[in-house]
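Peer 1: Heads up, the sequence shown is in the working numbering, so the first residue is 231 and it goes up one at a time.
The beta-carbon is built from N, C-alpha and C at its ideal position, and this holds for glycine as well.
The structure is given below, and queries will be raised subsequently.
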Amino acid sequence: MQVTNIEELELLVKRVKTAQAKYANFSQEQVDTIFKKAALAANAERIPLAKLAVAETGMGIVEDKVIKNHFASEFIYNKYKHEKTCGIIEEDNTFGIQKISEPVGIVAGIVPVTNPTATTIFKALIALKTRNAIIFSPHPKSKKCTVEAAKIILKAAIAAGAPEDIIGWIDEPTVELSKALMQHPEIKLILATGGPGMVRAAYSSGNPSLGVGAGNTPAVIDSSAHIQTAVSSILLSKTFDNGMICASEQSVVVVDDVYEKVKQEFICRGAYFLNDEEKQKLGNVILKDGRLNPAIVGQSVENLAKLAGIYLPNDSDSDHAPKIYKVLIGEVETVGESEPFAYEKLSPILAMYKASTFHKAVAQAEQLIEFGGLGHTSVLYTNPANLDDIAYFENRMKTGRVLINTPSSQGAIGDLYNFKLDPSLTLGCGTWGGNTVSDNVTPHHLVNIKTVSQRRQNMLWFRIPPKVYFKYGCLPVALRDLVGKERAFIITDKPLFDLGIVDKVTQVLDEIGVKHDVFHDVEPDPTLSNVNKGLALLRSYQPDVIIAIGGGSPMDAAKVMWLMYEHPDVEFEGLAMRFMDIRKRVYELPPLGQKAIMVAIPTTSGTGSEVTPFAVVTDDRVGVKYPLADYALTPNIAIADPELTLNMPKKLTAYGGIDALTHALEAYVSVMATEFTDGLALQAIRLLFKYLPSAYKNGAKDPKAREKVHYAATIAGMAFANAFLGICHSMAHKLGATFHVPHGLANALMISHVIRYNATDIPFKQAIFPQYKYPNAKDRYAQIADHLHLGGNTADEKVELLIRAIENLKHEIDIPTTIKQALGDEDQDFYIKVEEMAEQAFDDQCTGANPRYPLMNDLKELYVLAYQGCRIDAALYHSTPELLSNEGAITTQQIGV
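Structure representation (structure tokens):
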């Protein structure tokens, strides 16, 4: 039904009330199923909803709204999926928190124009989790995207068993209808997120309200702060969605003795400091009639400069004047109505204050909070050991969130930089800000809570098969580890079966008394139909060990069969769902190995699948390819016997070798790289540069080269299984799927362009991961060059030498130099599909670990550059070294490995 007037609103409320009365009697199990399905549905539509929001409102950045939608669905579900909300909630003695939840009835959800889809997702999910109904009142400028988000969740909830009218909305919102909704006697609680006027209206409605106050977050940087981390964190936060998150920093207060260092760091990382004339011009457009000018909200730096009539220098050749500026900073001294920069600005504009001492800096922050941000958020950058200063700061701040060494946009919403800060998109400001709650609104919020959250590096991991056997001819010895097993099911493809490779395995199994059966019909890029064919045999045979022999396809098929053998009810949609952090999944896979262990024996050198938790399967019924990722899919035993790879075809050697090299390169610069993966990645790189050319040219005539390349592939697999990959693989996945380019070749065509793209200290956007304190990909690439003894005096020189070495390695093994060469004459088809490939690559699982957070247009540009080859006019990402000239060429013999 449509709601456009008071009469229609009354009818809607009656229907929703009836639905909620039924829903109030649902069990915890029923509620959790509905909550899960709604989260899955919202997460699946995160990109279309983000695009719709930007198109309708003209505010923000699509890619950042994707992240917000992802957070609002995945992180909210992850946090609350196991919480009991249908009765008494158990006390958490460790953290001293006890919560009790009962349904309140019908909730009114007020949705802001700055954050329409993510707020709708968040409020709908927590309403469903607590057996409440919700009616949304959208902002008039974002009604289409808000209603669309509500429809997606309602459809999924109904499909999961919820009453039909459990979620409702106003189709044509007006001030009169919003007020009527909030004041309606059947509304039991208002979740108010919006401007000060709307929040005041909620609190004056006569109904209980959980609302937010204005944000005017100050960030204090003291003398002991790690300046790079502080500045990088502030820019990460302030540039996110063009500064529209209410928790984003509005002012930076810097202690005098580090002021100039902080200023220079801001300039180096892309900030533009306004002179007095420019500051006056911009100040004139920040406010309109004494209030925040709506025209600046969520706008880019370029648009803000145009509005203010400011000319921004455009010198892309200077390290200190980037082509695209991230924020505009005005250096100011006063706090009050006469200073526009002291207000909340909701755009990439920052005020910067200088304070003579730490205590005066805190006093300045207090002034800013009193002026316009009581109760919201404050930030301190300091040495974590300065416990007295931290205590002084947190005790003086009248804010619900006191963040230590944390970007406020991402830190305040919770669960990103501290797992114990509740994730939320409605941030209470307590009685300081005229609210009834002071912490992040959750499904069971009752009282004001002051929360202090320090930035924490989250636990990392290193997971590989419990046993990895290697050495030439090790296969028969390693297989004796299966003594005591009864039945083995071998999975391979027909070419390997016909070559007699399986006989090497069955002979040992016969010797140790293990019965065996073989499925040798695995197809390239296995489908579910192909998998089910083998699975039927596997289930009838009931093995206690599964042995995969072959390259990527048999490994993938075996892992999927193993999964479906152990857990027949597995949901591929859930397992294939994108994640920002593999530890935080909407879908949770039980451990494997209860029925059978898995042994992986690679006969190619490249994928590293024998030691990774990844697999790919295509559902040929619907044409959907599912990339599966879960550590439960890691084999129990890996056997890397190079004897099995002696007669690999040359192309497979080349493509597999470059695939392994790309695994190692991307793992080393990944934001998830650790001390546990770095050494593996470097060793794999060294081995491949040294031995891949001979393995390619000489094949079985150089068994040592074959051996080292095989080890390198497995070692690189261990590295990327734990550090993950980056956009080279994201783009290679989509290039390969679209144009049927072999995966290793697709990586080879992209890798040099990706390295140049990533190798910057001042990316426009950086990846989000707690361990990744500031951009350092350039230095990481330079470390690889040093490991290979390539020479060079500066990081830039070393990066170029590394690229040159990669290009010459590719030349030695006959890899084409451009996508155009690889595809042939397909110009029109390529340019038709490049936009879609870029969007799909952005949403690829590998993208999240890339050290430079890409925009979709960046990925499109990289595809075009890789298609055409490096161009002189592509100065933003590239230079044009003479890669293959006699003077500039670096051969593998010259690399001191």
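1. Check Ser900 in the structure and name its three-state DSSP category.
2. I'd like to know whether the C-beta atoms of Ile721 and Gly660 end up nearer to each other than 8 Å.
3. Pull the bridge partners of Phe366 from the DSSP assignment, please.
4. Relative to the C-alpha of Ile827, which candidate in Pro820, Pro865 and Val847 has its C-alpha closest?
5. Could you tell me if Glu1091 is buried or exposed, where buried requires 16 or more neighbouring beta carbons within 10 angstroms of its beta carbon?
6. Between Val829 and Arg631, what straight-line distance do the alpha-carbon atoms span, to the nearest angstrom?
7. With distances taken Cα to Cα, identify the nearest neighbour of Leu607 among His674, Asp618, Ser586 and Gly443.
8. Determine the burial state of Cys294: buried for a count of at least 16 other Cβ atoms within 10 Å of its Cβ, exposed for fewer.
9. Can you pull the DSSP bridge partners for Thr447?
10. How close, in whole Å, do the beta carbons of Leu598 and Ala572 come, if the pair is a contact with beta carbons under 8 Å?
11. Assuming Glu1030 and Cys958 form a contact by the criterion Cβ under 8 Å, report the distance between their Cβ atoms to the nearest whole angstrom.
12. Taking the alpha carbon of Leu726 as the point to measure from, which residue in Ile356, Val748, Asp711 and Lys628 has its own alpha carbon closest?
13. For Tyr795, which of Pro773, Asn977, Met785 and Leu1089 has the nearest alpha-carbon?
14. Out of His369, Glu378, Ile831 and Lys1008, which one is the CA nearest neighbour of Lys409?
15. If we count the other Cβ atoms within 10 Å of its Cβ and call it buried at 16 or more, is His1019 buried or exposed?
16. Unbroken alpha helix (DSSP H) runs of length 4 or more, entirely within the stretch 965 to 1008: which are they?
17. Per DSSP, which one or two residues make a beta bridge with Leu440?
18. Check each candidate in Gly560, Ser586 and Ala862 and name the one with the smallest Cα separation from Lys575.
19. Just the C-alpha distance for Ala302 and Phe719, rounded to the nearest angstrom, thanks.
20. Where Ser668 and Gln640 are concerned, what is the direct C-alpha to C-alpha distance, given to the nearest angstrom?
21. Counting pairs of beta carbons, one from the stretch 969 to 988 and one from the stretch 1033 to 1051, are three or more of them closer than 8 Å?
22. Which residues in the same chain as Asp871 place their Cβ atom closer than 6 Å to its Cβ, once the five residues preceding and following it in sequence are excluded?
23. Determine the closest residue to Ser193 out of Gly836, Gln913, Ser481 and Lys938, with distance taken between C-alpha atoms.
24. Alpha carbon to alpha carbon, what distance is there between Glu332 and Gln232?
25. Rounded to the nearest angstrom, what separates Ile540 and Ser654 at their Cα positions?
26. For the beta strand (DSSP E) containing Ala392, list its first residue and its last residue.
27. Decide if the stretch 394 to 411 is in contact with the stretch 427 to 441; the criterion is three or more beta carbon pairs, one per stretch, under 8 Å apart.
28. In terms of residues, what are the limits of the beta strand (DSSP E) holding Ser608?
29. Count the other C-beta atoms from every protein chain shown that fall within 10 angstroms of the C-beta of Ser577, then say buried if there are 16 or more, exposed otherwise.
30. Compute the Euclidean distance between the alpha carbons of Asp751 and Leu767, then round it to the nearest angstrom.
31. Between Ile1043, Gly663, Leu242 and Ile634, which has its C-alpha nearest Ile417's C-alpha?
32. If I follow the unbroken beta strand (DSSP E) through Met184, where does it start and stop?
33. Going straight from the alpha carbon of Ser454 to that of Phe588, what length do you get?
34. When DSSP builds the beta bridges, which residues end up paired with Met828?
35. Taking contact to mean 3 or more Cβ pairs, one atom from each stretch, closer than 8 Å, check whether the stretch 497 to 517 and the stretch 481 to 489 are in contact.
36. Just to confirm, is the Cβ distance from Cys1076 to Phe954 under 8 Å?
Peer 2: On the basis of the coordinates in this document:
1. coil
2. no
3. Gly339 and Trp399
4. Pro865
5. buried
6. 50 Å
7. Here residue 607 turns out to be Thr, not Leu, going by the sequence shown. Considering only alpha carbons, the answer is Gly443.
8. A small correction: the amino acid at residue 294 is Asp; Cys does not occupy that position in the sequence shown. Buried, by the Cβ-count rule.
9. Glu479
10. 6 Å
11. In fact, because the Cβ distance is near 18 Å, the residues do not count as touching under 8 Å.
12. Val748
13. Pro773
14. His369
15. exposed
16. 973 to 988
17. Leu421
18. Gly560
19. 43 Å
20. 18 Å
21. yes
22. Cys704 and Leu705
23. Residue 193 is absent from the structure shown; the chain starts at 231 and stops at 1127.
24. 30 Å
25. 37 Å
26. Where Ala392 is concerned, there is no enclosing beta strand (DSSP E), given that its DSSP letter is neither H nor E.
27. yes
28. Gly605 to Tyr611
29. buried
30. 12 Å
31. Leu242
32. Lying before the first or after the last residue shown, residue 184 is absent from the chain, which here runs from 231 to 1127.
33. 10 Å
34. Ile776
35. no
36. yes
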